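Chemist: The end of the sequence shown is residue 629 by this note's numbering, with every number in the run present. Cβ coordinates follow ideal geometry from the N, Cα and C atoms, glycine included. On a predicted model such as this, the values are computed, not experimentally measured, just so you know. Have a look at this one before I ask anything.
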Amino acid sequence: MAAMMQPQIILLKEGTDTSQGKAQLVSNINACTAVADVVRSTLGPRGMDKLIHDDKGTVTISNDGATIMKLLDIVHPAAKILVDIAKSQDSEVGDGTTTVVLLAAEFLREAKPFIEDGVHPQNLIRSFRNASYKAIQKVKELAKSIEGQSLEEKKRLLSKCAATTLSSKLIGGEKEFFASMVVDAVGAIGDGDRLNMIGIKKVPGGTMRDSFLVNGVAFKKTFSYAGFEQQPKKFLNPKILLLNIELELKSEKENAEIRLSDPSQYQSIVDAEWNIIYDKLDKCVQSGAKVVLSRLAIGDLATQYFADRDIFCAGRVAEEDLLRVAAATGGTVQTSVNNVVDEVLGTCEHFEERQVGNERFNIFSGCPSGRTATIVLRGGADQFIEEAERSLHDAIMIVRRATKNSTVVAGGGAIDMEISKYLRQESRAIAGKSQFFINSYAKALEVIPRQLCDNAGFDATDVLNKLRQKHALPTGEGAPYGVDINTGGIADSFANFVWEPAVVKINAINAATEAACLILSVDETVKNPKE
Ligand code: ADP
Ligand code: MG
């Protein structure tokens, strides 16, 4: 009776949805596995692409883990963590986004039977962190430096690295072509964080092979006014004037109210308007510039005026492009044409306006101060070029990383197998349950070579057995062996230039472990009711 009288304790608002304990953990793990299953098949050079279309009807075809995860619109709170690590991998190192998701999900999957058996998650977490620390030490140990090589040799090695990244993408068929382009582009911008100095311009049509690299800046001409045909389209060492003003005949009635008492005064107003624009144009010409660019419109009158004086002009240049021209040519963008001194003018060795596909391109090459590069991408459909751009971005990031850190490890699952073996060995020396946990962690790392095989249609069990045997060789000579994507056997990845920058792997292991531990440490989800 007394028990019935006890008041109920209400802690959370009515309608709050909570789930907790083991069941919650297992359900979170299942959600993460489901997410990984989506991107699973995109891994590696034989990976498939995903076509995603959203409610607005935008169609994206991509092989990039981060892009796919971003577009998936995942609602499950735990699975969202995987989206975040893919994103952070993308921004930190630029590649390995599918890898990081697969690893995290596999760690969790290995943890699941332990959780179900009642192992406390904190025990797992501790062992996983420990294993990840050891794994990263091992990656660092195995990494080989490409420093100290001649420039030519280094370039060759870097382009191999870029080719590995590109081989899994739509443009993989032309990987050598693009790889050397990427290496040249990165070489052109030099050190420093000036990634925006590599522009990528997309022009649909033509074939991939029509893509080209400009050692400088290139951009699409947006507008052509009458008179532009008569302008010269090529200059050597021109002075370049960059403006942020309109060069158009303006009817001043928009800016000011003018009251006339005598109709004969009307002409003087018109004259004044013409004088203003002619005065501006005159000053541009006097500056000695041969190329005039403006962020705002350059109208008919100005175009003709410049044409008559053998000057080239282009208006409505996108701000980003104008700034890149400024950085490259050493000019400064002017907001007035009064007092245009020589110092604010830019220059370059070669300027040209050229037809690319259906577009006219302004191309500035051989720029003095600016270390800039522009890749003009050609190819069939829009979606294709967009994916090509994303792939090039990956490759650019990789080459930059490799240039900066210049240590690489063997790809194709070789490094993963080697760490896996190493951790198994290490675990034997550990007493207690932790041995099992580290062993599971080691097993999870095999997901990479296994998935590479699955995606290529090989017998994963067979290949993995061969790899395990090779890596177990006491001499250590088997360490660089990974999946041979061409034959379905195993091959020395290092010798075949299937390389990955060490940072990509280190970051992936680190992020995947952290994500897995984060998810394992959650045992309750509370969902507040809608207000
Ligand atoms: P991610 O988004 O993780 O970078 P990718 O689809 O780019 O995924 O696949 C990367 C994986 O494919 C890496 O493990 C890399 O070692 C492997 N790989 C790339 N090229 C080859 C190749 N030619 N042979 C074998 N494995 C390769
Ligand atoms: Mg990749």
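Three-state secondary structure (DSSP) at Leu394?
Modeler: Along the sequence shown, one-based indexing puts residue 394 at 296. Note: Leu394 maps to coil in three-state DSSP.
Chemist: Do Leu420 and Arg393 have their C-beta atoms within less than 8 angstroms of each other?
Modeler: One-based indexing of the sequence shown puts residue 420 at position 322. One-based indexing of the sequence shown puts residue 393 at position 295. Contact flag set, yes.
Chemist: Check each candidate in Ile473, Asp188, His151, Val423 and name the one with the smallest Cα separation from Asp308.
Modeler: By one-based count along the sequence shown, residue 308 stands at place 210. Asp308 has its Cα closest to that of Ile473, out of Ile473, Asp188, His151, Val423.
Chemist: Using CA atoms only, rank isn't needed, just tell me which of Ile343, Ile607, Gln363 is closest to Ala233.
Modeler: The residue given as residue 233 occupies position 135 in the sequence shown. The candidate whose alpha carbon is nearest that of Ala233 is Ile607.
Chemist: Exposed or buried, which one is Met103 when buried takes at least 16 other CB atoms within 10 Å?
Modeler: Counting from one through the sequence shown, the residue named residue 103 turns up at place 5. With fewer than 16 Cβ atoms within 10 Å of its Cβ, Met103 is classed as exposed.
Chemist: Is Leu200 near Val545, with beta carbons less than 8 angstroms apart?
Modeler: Position 102 of the sequence shown holds residue 200. Position 447 of the sequence shown holds residue 545. It is a contact, given that the beta carbons lie within the stated cut-off.
Chemist: At 4 residues or longer, what runs of the alpha helix (DSSP H) sit wholly inside the segment 313-385?
Modeler: Those alpha helix (DSSP H) runs which fall completely within the segment 313-385 and span 4+ residues are 364-384.
Chemist: Can you tell me which of the three DSSP states Pro211 falls into?
Modeler: Looking up residue 211 in the sequence shown gives position 113. DSSP places Pro211 in helix when its eight states are reduced to three.
Chemist: For Val624, count the other beta carbons within 10 Å of its own beta carbon; 16 or more makes it buried, fewer makes it exposed. Which is it?
Modeler: Counting from one through the sequence shown, the residue named residue 624 turns up at place 526. So Val624 ends up on the exposed side.
Chemist: Identify which residue in Gly574, Lys252, Ser266, Ser278 has its Cα closest to the Cα of Asp147.
Modeler: Locating residue 147 in the sequence shown gives position 49, where the first residue counts as 1. Cα-wise, what sits closest to Asp147 is Ser266.
Chemist: Look at Gly271 and Asn553 and say whether their C-beta atoms are less than 8 angstroms apart.
Modeler: Residue mapping note: residue 271 aligns to position 173 of the sequence shown, counting from 1. Residue mapping note: residue 553 aligns to position 455 of the sequence shown, counting from 1. Against a cut-off of 8 angstroms, the Cβ pair of Asn553 and Gly271 comes out as no contact.
Chemist: Between the alpha carbons of Leu240 and Ala486, how many angstroms are there, rounded?
Modeler: On the sequence shown, residue 240 is found 142 positions in, with the first residue counted as 1. On the sequence shown, residue 486 is found 388 positions in, with the first residue counted as 1. About 32 angstroms.
Chemist: Can you determine whether any heavy atom of the ligand MG sits closer than 7 angstroms to the C-beta of Thr573, and answer yes or no?
Modeler: Residue 573 sits at position 475 when you count from the first residue of the sequence shown. Result no, Cβ not under 7 angstroms from the ligand MG.
Chemist: Is it the case that the Cβ atoms of Ile338 and Gly464 are separated by a distance below 8 angstroms?
Modeler: To locate residue 338, count along the sequence shown from 1; it is residue 240. To locate residue 464, count along the sequence shown from 1; it is residue 366. In this structure, Gly464 does not lie closer than 8 angstroms to Ile338 by Cβ.
Chemist: Under 8 angstroms between the Cβ atoms of Lys238 and Ala600?
Modeler: Here residue 238 refers to the residue found at position 140 when the sequence shown is read from its first residue. Here residue 600 refers to the residue found at position 502 when the sequence shown is read from its first residue. Yes, Cβ-Cβ distance for Lys238 and Ala600 is below 8 angstroms.
Chemist: Excluding the 5 residues preceding and the 5 following Phe404 in the sequence, name in chain order all residues of the same chain whose CB lies nearer than 6 angstroms to its CB.
Modeler: Within the sequence shown, residue 404 is the residue found at index 306, counting from 1. Result list for Phe404: Cys411, in chain order.
Chemist: May I ask you to report which of helix, strand or coil DSSP gives Leu631?
Modeler: With the chain running from 99 to 629 in the structure shown, residue 631 is simply not present.
Chemist: Take Val124 and list the residues in its own chain whose beta-carbon comes closer than 8 angstroms to its own, dropping the five residues that flank it on each side.
Modeler: Translated into positions along the sequence shown, residue 124 becomes position 26. Correct list, in chain order: Lys210, Ile213, Glu214.
Chemist: Please name the residue in Val157, Arg138, Leu180 whose C-alpha comes closest to that of Ala55.
Modeler: The structure shown does not extend to residue 55, since the chain is modelled only from 99 to 629, so the question has no answer here.
Chemist: Under DSSP, the beta strand (DSSP E) around Cys411 begins and ends at which residues?
Modeler: Taking the first residue of the sequence shown as 1, we reach residue 411 at position 313. Looking at the DSSP string, the run of the beta strand (DSSP E) that includes Cys411 is 410-412.
Chemist: Going along the chain, which residues put their C-beta within less than 5 angstroms of some heavy atom in the ligand ADP?
Modeler: Answer in sequence order: Leu141, Gly142, Pro143, Gly145, Gly163, Asp193, Gly194, Thr195, Thr196, Thr197, Thr262, Ser265, Ser266, Gly509, Gly510, Ile583, Val596.
Chemist: If we call anything under 8 angstroms between Cβ atoms a contact, is Ile298 one with Leu490?
Modeler: Indexing the sequence shown from 1 puts residue 298 at position 200. Indexing the sequence shown from 1 puts residue 490 at position 392. Yes. Within cutoff.
Chemist: If the criterion is Cβ atoms closer than 8 angstroms, does the pair Gly455 and Gly555 meet it?
Modeler: As a position in the sequence shown, residue 455 is number 357, starting the count at 1. As a position in the sequence shown, residue 555 is number 457, starting the count at 1. No, Cβ-Cβ distance for Gly455 and Gly555 is not below 8 angstroms.
Chemist: To the nearest angstrom, report how far apart Tyr520 and Glu417 are at their CA atoms.
Modeler: As a working note, residue 520 is residue 422 in the sequence shown. As a working note, residue 417 is residue 319 in the sequence shown. Their backbone Cα atoms lie some 53 angstroms apart in a straight line.
Chemist: How would you write the range of the alpha helix (DSSP H) that Glu516 sits in, first residue to last?
Modeler: Walking along the sequence shown from the start, residue 516 turns up at place 418. That run of the alpha helix (DSSP H) goes 512-526.
Chemist: Measure the CB-CB distance between Gln549 and Arg254 and report whether it falls below 8 angstroms.
Modeler: Residue numbering aside, residue 549 sits at position 451 when the sequence shown is read from its first letter. Residue numbering aside, residue 254 sits at position 156 when the sequence shown is read from its first letter. Against a cut-off of 8 angstroms, the Cβ pair of Arg254 and Gln549 comes out as no contact.
Chemist: Any idea which residues DSSP pairs Val474 with across the strands?
Modeler: Here residue 474 corresponds to residue number 376 of the sequence shown, with the count starting at 1. Beta-bridge pairing links Val474 to Lys299, Phe310.
Chemist: I need the DSSP call for Lys253, collapsed to helix, strand or coil.
Modeler: One-based indexing of the sequence shown puts residue 253 at position 155. In this structure, Lys253 counts as helix in the three-state DSSP scheme.
Chemist: Grouping DSSP H, G and I as helix and E and B as strand, with all else coil, what is Lys628?
Modeler: If you number the sequence shown from 1, residue 628 lands on position 530. Lys628: coil per DSSP, three-state reduction.
Chemist: For Gln118, which residues in the same chain have their Cβ closer than 7 angstroms to its Cβ, ignoring the five residues on either side in sequence?
Modeler: For the purposes of this step, residue 118 is taken as residue 20 along the sequence shown, with counting starting at 1. These residues qualify, in order along the chain: Asp621, Glu622.
Chemist: With 16 as the cutoff for other CB atoms within 10 Å, does Asn161 come out buried or exposed?
Modeler: As a position in the sequence shown, residue 161 is number 63, starting the count at 1. With 16 or more Cβ atoms within 10 Å of its Cβ, Asn161 is classed as buried.
Chemist: Asn460 lies in the beta strand (DSSP E); which residues open and close that run?
Modeler: By one-based count along the sequence shown, residue 460 stands at place 362. 457-463 is the span of the beta strand (DSSP E), which, as asked, contains Asn460.
Chemist: With a threshold of 8 angstroms, are at least 3 pairs of Cβ atoms found where one atom belongs to the segment 267-286 and the other to the segment 428-447?
Modeler: Contact between the segment 267-286 and the segment 428-447 is absent, because fewer than three Cβ pairs lie under 8 angstroms.
Chemist: Report yes if the C-beta distance between Phe535 and Leu222 is below 8 angstroms; otherwise report no.
Modeler: Looking up residue 535 in the sequence shown gives position 437. Looking up residue 222 in the sequence shown gives position 124. Result yes, Cβ atoms of Phe535 and Leu222 sit closer than 8 angstroms.
Chemist: Given this structure, state the Cα-to-Cα distance separating Asn126 from Phe205, to the nearest angstrom.
Modeler: As a first step, residue 126 must be located in the sequence shown, where it is residue number 28. As a first step, residue 205 must be located in the sequence shown, where it is residue number 107. Each residue's alpha carbon lies about 13 angstroms from the other.
Chemist: Please list the terminal residues of the continuous alpha helix (DSSP H) segment that includes Pro219.
Modeler: One-based indexing of the sequence shown puts residue 219 at position 121. Per DSSP, Pro219 belongs to the alpha helix (DSSP H) from 219-240.
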